[in-house]
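S.K.: First the structure, which I've put down as structure tokens, then a few questions once you've had a look.
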Amino acid sequence: MTDDFISLQSVRKTYGSVVAVDSVDLDIAKGSFFSLLGPSGCGKTTLLSMMGGLDFPTSGKIFIDGADVTKTPSYRRPANMVFQSYAIFPHLNVAENVGYGLQRSGLSKADLNRQVEEMLDLVHLGGYGNRKTDQLSGGQMQRVALARALVVKPKVLLLDEPLSALDKRLRQNMQIELRAIQREVGITFVFVTHDQEEALTLSDKIAVMARGQVLQCSSPATLYDRPLSREVAEFVGEMNLIPGTVRDVTTTGVSVDMPCFGTRRLQAGTRRFLVGDSVCVAVRPENFHLSEAPEAASMRVTNRAYFGSHIHLILTTDGVAPICADVPAATARRLRDIDGEGVVSVDFDEDTAVLLPGKE
Amino acid sequence: MIRPANIPRLLLTPAILTTVVTLGVCLVVLLVLSFGRQNYLDIELGLSAHNFELALTKPLILKLMGKSALIATGVTALSLILAYPIAYLIAFDIHKNKLLWLILFTLPCWISYLLRILSWKLILGYQGVVNSSLMGLGLVDQPIDALLYNSNSVVIALTHAWAPFAILPIYVSLEKIDRALMKASGDLGDPPYRTFLRVVLPLSLPGVSAAFVLIFIPTFGDYVTPHLLGGPTGFMVGNFIAMQFGASNNWPLGAAVALVSMLTATLLVCLFIAGSKRAVRAIG
Chain A
1 MTDDFISLQS VRKTYGSVVA VDSVDLDIAK GSFFSLLGPS GCGKTTLLSM
51 MGGLDFPTSG KIFIDGADVT KTPSYRRPAN MVFQSYAIFP HLNVAENVGY
101 GLQRSGLSKA DLNRQVEEML DLVHLGGYGN RKTDQLSGGQ MQRVALARAL
151 VVKPKVLLLD EPLSALDKRL RQNMQIELRA IQREVGITFV FVTHDQEEAL
201 TLSDKIAVMA RGQVLQCSSP ATLYDRPLSR EVAEFVGEMN LIPGTVRDVT
251 TTGVSVDMPC FGTRRLQAGT RRFLVGDSVC VAVRPENFHL SEAPEAASMR
301 VTNRAYFGSH IHLILTTDGV APICADVPAA TARRLRDIDG EGVVSVDFDE
351 DTAVLLPGKE
Chain B
1 MIRPANIPRL LLTPAILTTV VTLGVCLVVL LVLSFGRQNY LDIELGLSAH
51 NFELALTKPL ILKLMGKSAL IATGVTALSL ILAYPIAYLI AFDIHKNKLL
101 WLILFTLPCW ISYLLRILSW KLILGYQGVV NSSLMGLGLV DQPIDALLYN
151 SNSVVIALTH AWAPFAILPI YVSLEKIDRA LMKASGDLGD PPYRTFLRVV
201 LPLSLPGVSA AFVLIFIPTF GDYVTPHLLG GPTGFMVGNF IAMQFGASNN
251 WPLGAAVALV SMLTATLLVC LFIAGSKRAV RAIG
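Protein sequences, first through last, are from chains A and B.
Okay, so the first sequence: first residue is 1 according to UniProt numbering, each after it adds one.
Okay, so the second sequence: first residue is 1 according to UniProt numbering, each after it adds one.
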């Protein structure tokens, strides 16, 4: 508990009869890069606004660094926001924008200018101080917004989809830079995004949200490898969900009858299953491989796309929904029969498969 | 043949023609007149600077010019002070039927201006609504005669007439402000009143300046209101100019004073706009 820097306790927010955020409990560690991931309308931005004091919970409590800030307005909170639209003041130049929050800190003019310069250097905008903001590109506006929020030395930096307006190349560069800046300043970052790839790349920890609730909160690797629900499994990365029935349950694992793949022994994780339960076996496309083993499934290739390092296959067989498999290009090349619409034998790694309930 | 590229210019022609004829030609006539000299019933055209000399040195004209500037400044300031909160309210706090509210606030303008001035006579007069109410309540022993036929009544009537026109430009500039900017200001540590001074006010300045021009220029040269409500002390430069073209029959002098007062008003507007920009920057 000592490590919990930001703590949300049963935070709930309703607008009339609409529930935007529904009883969210979250603990965010100091100095970490934390992401709120979810589709639009899942309540992630509302949750972020409540951390920043731009919105207030209907019920529940919010603590930052041990202090109850539930009802503290934004101008008295040690949290600063980088807005999705950047919200750069159009009547001020770059340096005035960055120095905006320092005006009342009682700094001498020289100190203020020095801090602004340092911050502009940090975001690689050194020498841009006198520029008008309408001469800036999207990426530069982004940096100004970041510098403006960081210069006041907040305990928490809140970022509301800051990269969504940038093109792909720039976004990837900014992701790397954002992470580097976060390490350098050591401030806790809370980052809102609907882009799961972005969340996986940047974060120490990710909370996946849907319908105002947190579905799972864990490290990127755990989230990807061990999703706790079908919804998380399908939202983060690509996932095949193959239906099955529990045949046998032992202390070491669960045996599942699957169409095409026969009976397989899988890890149950923390969930409990009973014999006869209908379940879902979740397998990532990259965890399939071409196999000559007897238990491998024979499937028709209905579509294929070459990606250089791997080949993306859409496989079908009777009684099962189409399966996506990414097989390494090197192994696939040896198999002549997938040149056209042939039949291939594929198998999956049992250790990487995740057993999920059939219905939720 | 009409080419598509020329259509915008073609559409502008009526407006440009009207402006050139009604404004340009009249200005030239004024200019020509102003260098002339009135000789009983005839006007002798020439190149005499005599009228401008008078306009810039005659104490009466200077005094009237100063008074007009003072009244126009007062009316404009009052109008802006009254209009700004209304525009702010409609822009930020009213979410439904904004247009309806805007129309409601401009309702006074739907009534004939002369009718409104006459109504002010009834309200401010010696036995008018205000005085009889005050007397009836026992707040004063005898009617206050400082209400009508002086500069006060001119300022009141002009403010009432012009304040609605200030609402619209201010409202438009407030409405355009990105709400995220105000949130950002709050987020960066500014309580609401500081956010107003540092973000909302500077960004609404174009609207305030437009309102200033819209009100200051016409009130500076107004002569109907002072003529009907001003009495002996509410006389403005506009009345003086009107007199030169009427009873005093000195058109060249009237033209010169009209030109000088136009330049003065323009100068004052420029001073205000430059000054307000500086003042707002100083606050930020």
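Idealized CB from N, CA, C, for every residue including glycine.
1) By Cβ distance, which residues of its chain are closer than 7 Å to residue 378 of chain A, with the 5 residues on each side in sequence left out?
2) List the DSSP bridge partners of A:Lys13.
3) Could you name the residues of the same chain whose beta carbon sits closer than 6 Å to that of A:Asp4, not counting the 5 residues immediately before and after it, in chain order?
4) Could you tell me which residues DSSP puts in a beta bridge with A:Asp68?
5) Using a Cβ-Cβ distance under 8 Å, would B:Gly186 count as near chain A?
6) With 8 Å as the threshold, decide whether the Cβ of A:Leu112 is near any Cβ in chain B.
7) Give a yes or no on whether the minimum CB-CB distance between B:Gly207 and chain C is below 8 Å.
8) Quick check on the DSSP output: the beta strand (DSSP E) that includes A:Lys205 runs from which residue to which?
9) How about A:Tyr15: is its C-beta nearer than 8 Å to some C-beta of chain B?
10) Is any beta-carbon of chain A found at less than 8 Å from that of B:Lys183?
11) Is B:Glu44 helix, strand or coil when you go by DSSP?
12) In chain order, what residues of the stretch 5-34 of chain A put their CB closer than 9 Å to some CB of chain B?
13) Going by beta carbon distance, what residues of the same chain come within less than 7 Å of A:Met1, once the five residues before and after it are set aside?
14) Could you check whether the stretch 198-207 of chain A touches the stretch 112-130 of chain A, counting it as contact only if at least three pairs of C-beta atoms, one from each stretch, sit closer than 8 Å?
15) Report the rounded CA-to-CA distance for B:Leu11 versus B:Ile217, giving the unit in angstroms.
16) Spatial neighbours of A:Val116 within its chain, please: C-beta separation below 6 Å, excluding the five flanking residues on both sides.
17) Identify whether A:Met1 lies in helix, strand or coil by the three-state DSSP scheme.
18) Using a Cβ-Cβ cut-off of less than 9 Å, give me the residues of the stretch 191-206 of chain B that come near chain A, in sequence order.
19) What is the rounded straight-line gap between the Cα of B:Gly275 and the Cα of B:Pro206?
20) Determine, using beta carbons only, whether A:Asp349 comes closer than 8 Å to chain B.
21) So, with DSSP's three-state summary, where would you put B:Leu89?
22) With H, G and I counted as helix, E and B as strand and the rest as coil, what does DSSP make of B:Asp145?
23) Please tell me whether residue 363 of chain A and A:Gln175 are closer than 8 Å, where the distance is taken between their beta carbons.
24) Near A:Leu170, what residues of its chain come up, given a Cβ to Cβ distance below 6 Å and the 5 sequence neighbours on each side ignored?
25) With the cut-off set at 8 Å, would you say A:Val190 and A:Gln216 are in Cβ contact?
26) Under the rule that 16 or more other beta-carbon atoms within 10 Å means buried, what is A:Pro220, buried or exposed?
27) Can the beta-carbon of B:Ile273 be found closer than 8 Å to that of B:Ser209?
28) Could one say the Cβ of A:Ser85 lies closer than 8 Å to chain B's Cβ atoms, at least one of them?
29) Consider the C-beta atom of A:Val94 and the heavy atoms of the ligand NAP; say whether any pair is separated by less than 7 Å.
30) Using 8 Å as the limit for Cβ to Cβ distance, is B:Asp178 near chain A?
31) For the stretch 154-162 of chain B against the stretch 113-125 of chain B, are there 3 or more C-beta pairs whose distance is under 8 Å?
32) Just list the alpha helix (DSSP H) runs in the stretch 123-177 of chain B, keeping only unbroken ones of 4 residues or longer that don't cross its boundaries, in chain order.
33) Measure the beta-carbon distance from A:Met209 to A:Leu37 and round it to whole angstroms, keeping in mind my assumption that it falls under 8 Å.
34) Using a C-beta cutoff of 8 Å, does A:Gln142 count as contacting chain B?
35) Are there three or more Cβ pairs, one per stretch, closer than 8 Å when the stretch 31-48 of chain B is compared with the stretch 182-192 of chain B?
M.R.: This is what the structure gives:
1) Because chain A here runs from 1 to 360, residue 378 of chain A falls outside it and cannot be looked at.
2) Beta-bridge pairing links A:Lys13 to A:Val21.
3) Cβ within range, chain order: Asp27.
4) Its beta-bridge partners are A:Phe63.
5) Chain A contact via Cβ: present.
6) The beta carbon of A:Leu112 sits no closer than 8 Å to any beta carbon of chain B.
7) Here chain C cannot be found, since the structure's protein chains are A and B.
8) A:Lys205 -> beta strand (DSSP E) spans 205-210.
9) Answer no: the Cβ-Cβ gap between A:Tyr15 and chain B never drops below 8 Å.
10) For B:Lys183, the answer is yes, since a Cβ of chain A falls inside 8 Å of its Cβ.
11) For B:Glu44, the secondary structure class from DSSP, reduced to helix, strand or coil, is strand.
12) Within the stretch 5-34 of chain A, no residue has a Cβ lying closer than 9 Å to any Cβ of chain B.
13) Interpretation of A:Met1 is limited by its pLDDT of 42, a score under 50 that renders its predicted location unreliable; the figure taken from the coordinates is listed afterwards. Cβ neighbours of A:Met1 beyond the five flanking positions: none.
14) Touching, no.
15) Between the C-alpha atoms of B:Leu11 and B:Ile217 there is a straight-line separation of about 28 Å.
16) Correct list, in chain order: Ala95, Val98, Gly99.
17) Annotation note: pLDDT 42 at A:Met1 (below 50); position unreliable, coordinate value reported separately. The answer is coil: DSSP assigns A:Met1 none of H, G, I, E or B.
18) Result list: Pro191, Pro192, Arg194, Thr195, Arg198, Val199, Pro202, Leu203, Leu205.
19) Roughly 13 Å between the two C-alpha positions.
20) Taking CB atoms only, A:Asp349 has no neighbour in chain B less than 8 Å away.
21) Looking at B:Leu89 - three-state DSSP - the assignment turns out to be helix.
22) B:Asp145 falls in the coil class under three-state DSSP.
23) A question about residue 363 of chain A goes unanswered here, because the residues of chain A that appear run from 1 up to 360.
24) Excluding positions up to five away in sequence, the list reads Gly139.
25) In this structure, A:Val190 sits away from A:Gln216, with a CB-CB distance that is not shorter than 8 Å.
26) Flag for A:Pro220 reads buried.
27) For the pair B:Ile273 and B:Ser209, the CB atoms are nearer than the 8 Å cut-off.
28) Flagged as an interface residue toward chain B: A:Ser85, by a C-beta distance shorter than 8 Å.
29) Absent from the structure shown: the ligand NAP. Ligands present: none.
30) By this cut-off, B:Asp178 is an interface position.
31) The stretch 154-162 of chain B, when compared against the stretch 113-125 of chain B, does touch it at the 8 Å Cβ threshold.
32) 129-136, 151-175, all fully within the stretch 123-177 of chain B.
33) About 7 Å separates the two Cβ atoms, so the contact holds.
34) Output row for A:Gln142: interface = no.
35) Verdict: no, contact absent.
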